[in-house]
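Q: Pasting a structure here, questions to come.
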Amino acid sequence: MKAVRVHRFGPPEVIALEDVPKPEPSNGEVVVEVKAAGIGPWDALIRSGKSALPQPLPLVLGSDLSGVIDSIGPGVEPFKVGDEVFGVTNEHFTGAYAEYALAKAAMIAPKPKSLNHTHAASVPVVAVTAWQMVFDFARLSSGQSVLIQGGAGNVGGYAVQFARLAGALVIATTSAKDVSYVRSLGGVGVIDYRATRFEERVKETDAVIDTVGGDTLDRSYGVLKRGGIVVSSAAQPSNEKAEHYGVRAVFFLVQVTTERLRKIAELIDAEKLRTEVGEVLWLDEARKGHEMLEGAPHRRGKIVIKVAD
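Under this note's numbering, residues 24 to 332 are what the sequence shown spells out, in order.
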């Protein structure tokens, strides 16, 4: 089978399309015939050797996938061969840029019926990240307010929608070209971060959802009310600054589970959650996708590899 591998860590040039043996499922695993695979920033971290997890070489890149179950290992319930599924491969976030991929049964779920495989592959990591930020850590509820840093991004766009579904007043930062898009997702107050410093407009908010990091995260503590929380998927927050402002600060690594994926799929099929796909590439164009992660021009939305029609 064809798979996108790296034999050494480095820039997109290390990516190669190769012939490798088709995987066999072990206990608790399935083999998925991959129809589409998502490309995300974590893939670039793994490719460049900056992953927080040990990554033995050579490795097949990619974690987000959507496809059809081809074979099943022992101890797998309730999936069967032929089921259409979406999710991620494993805790190492590797193996999805391939014609067939091993996936842990506990990290996949039935594909949303209303989505094709390309759109389904765009969902898992970014949507579950946003879900955890909004519901598990910030625990937003009706009547609260939240500032979402990077509201037009792949995680930020889901965070805006989840916060709206929770009943919170949603304020978000974005660039001027995406203001109307973020409003359409549920942002009530949308700030063009290049034109206005968000701290001049936002005060005493209950939570900050940060998908940007850096200076944006550093300036976020001061807009929270005492006892508020900043949740970042982009950088480790400063405990000193959090203590100074009397707020809580959380950084986490996403945990994709069947249960979270099922809930997200239900919202998608109920037309309560929108997906956003950007560039769609073929398997032999994976390097181009990583060049886009490094800054090459591309459209808003998740970059997806279409592995099969």
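Think of the CB as a built atom: it goes at the ideal place given N, C-alpha and C, for glycine as much as any other residue.
Answer with buried or exposed for Asp66, where buried requires no fewer than 16 other C-beta atoms within 10 angstroms of its C-beta.
A: buried
Q: Report buried or exposed for His267, applying the criterion of at least 16 other Cβ atoms within 10 angstroms of its Cβ.
A: Classification of His267: exposed, given that the 10 Å Cβ count is below 16.
Q: Going by DSSP in three states, Phe160 sits in which element: helix, strand or coil?
A: DSSP places Phe160 in helix when its eight states are reduced to three.
Q: Could you tell me the distance, in whole angstroms, from the CA atom of Ile214 to the CA atom of Gly72?
A: Spanning the two alpha carbons is a distance of roughly 35 angstroms.
Q: With distances taken between CB atoms, is the gap from Arg323 to Ala144 smaller than 8 angstroms?
A: no
Q: Would DSSP call Asp93 helix, strand or coil?
A: In this structure, Asp93 counts as strand in the three-state DSSP scheme.
Q: Per DSSP, which one or two residues make a beta bridge with Ser49?
A: In the DSSP output, where bridge partners are listed per residue, Ser49 has none listed.
Q: For Ser137, which residues in the same chain have their Cβ closer than 8 angstroms to its Cβ, ignoring the five residues on either side in sequence?
A: Shown here for Ser137: same chain residues with a beta carbon closer than 8 angstroms to its own, the five before and five after excluded, namely Ile291, Asp292 and Glu294 in chain order.
Q: Looking at C-alpha atoms only, which residue of Arg31, Glu52 and Val151 is the closest neighbour of Glu282?
A: Val151
Q: Compare the C-alpha of Lys45 against each of Ala39, Ile38, Val37 and Val54 and name the closest.
A: Val54
Q: Can you tell me which of the three DSSP states Asp42 falls into?
A: strand
Q: Among Pro77, Asp106, Glu114 and Asn113, which has the Cα closest to the Cα of Lys134?
A: Asp106
Q: Grab me the residues of Ile287's own chain with a C-beta within less than 6 angstroms of its C-beta, minus the 5 sequence neighbours each way, in chain order.
A: Ala150
Q: Can you tell me where the alpha helix (DSSP H) holding Thr298 begins and where it ends?
A: Segment: none, Thr298 is in no alpha helix (DSSP H) and carries neither H nor E.
Q: Specify, as a first and last residue, the run of the beta strand (DSSP E) that Pro133 falls within.
A: Ile131 to Pro133
Q: Whole angstroms are fine: how far does the CA of Lys311 sit from the CA of Arg8?
A: Any question about residue 8 goes unanswered here, given that the chain covers just 24 to 332.
Q: Buried or exposed for Lys103, going by 16 or more other Cβ atoms inside 10 Å?
A: exposed
Q: Confirm, please, whether the CB-CB distance from Ile232 to Gly211 is below 8 angstroms.
A: Checking the displayed sequence, the identity of residue 211 turns out to be Val instead of Gly. Taking the C-beta atoms as reference points, Ile232 is found no nearer than 8 angstroms to Val211.
Q: Identify whether Tyr181 lies in helix, strand or coil by the three-state DSSP scheme.
A: Reduced to three states, the DSSP call for Tyr181 is helix.
Q: For the 8 angstroms Cβ check, are there 3 or more pairs between the stretch 114-128 and the stretch 155-175?
A: no
Q: Output the distance between the C-alpha atoms of Glu222 and Ser243, rounded to the nearest integer angstrom.
A: 8 angstroms
Q: Identify which residue in Val327, Gly98, Val178 and Thr196 has its Cα closest to the Cα of Leu296.
A: Val178
Q: Could you pull the DSSP bridge partners for Glu56 from this structure?
A: Val91 and Tyr123
Q: When DSSP builds the beta bridges, which residues end up paired with Lys325?
A: Val300
Q: Would you mind working out which of Glu100, Trp154 and Asn139 sits nearest Ala129, comparing C-alpha positions?
A: Glu100
Q: Does the beta-carbon distance from Pro147 to Val183 come in below 8 angstroms?
A: Going by C-beta atoms, Pro147 is not nearer than 8 angstroms to Val183.
Q: Under a three-way DSSP split, which group does Glu107 fall into?
A: strand
Q: Please report the straight-line C-alpha distance between Phe185 and Ser168, rounded to a whole angstrom.
A: 13 angstroms
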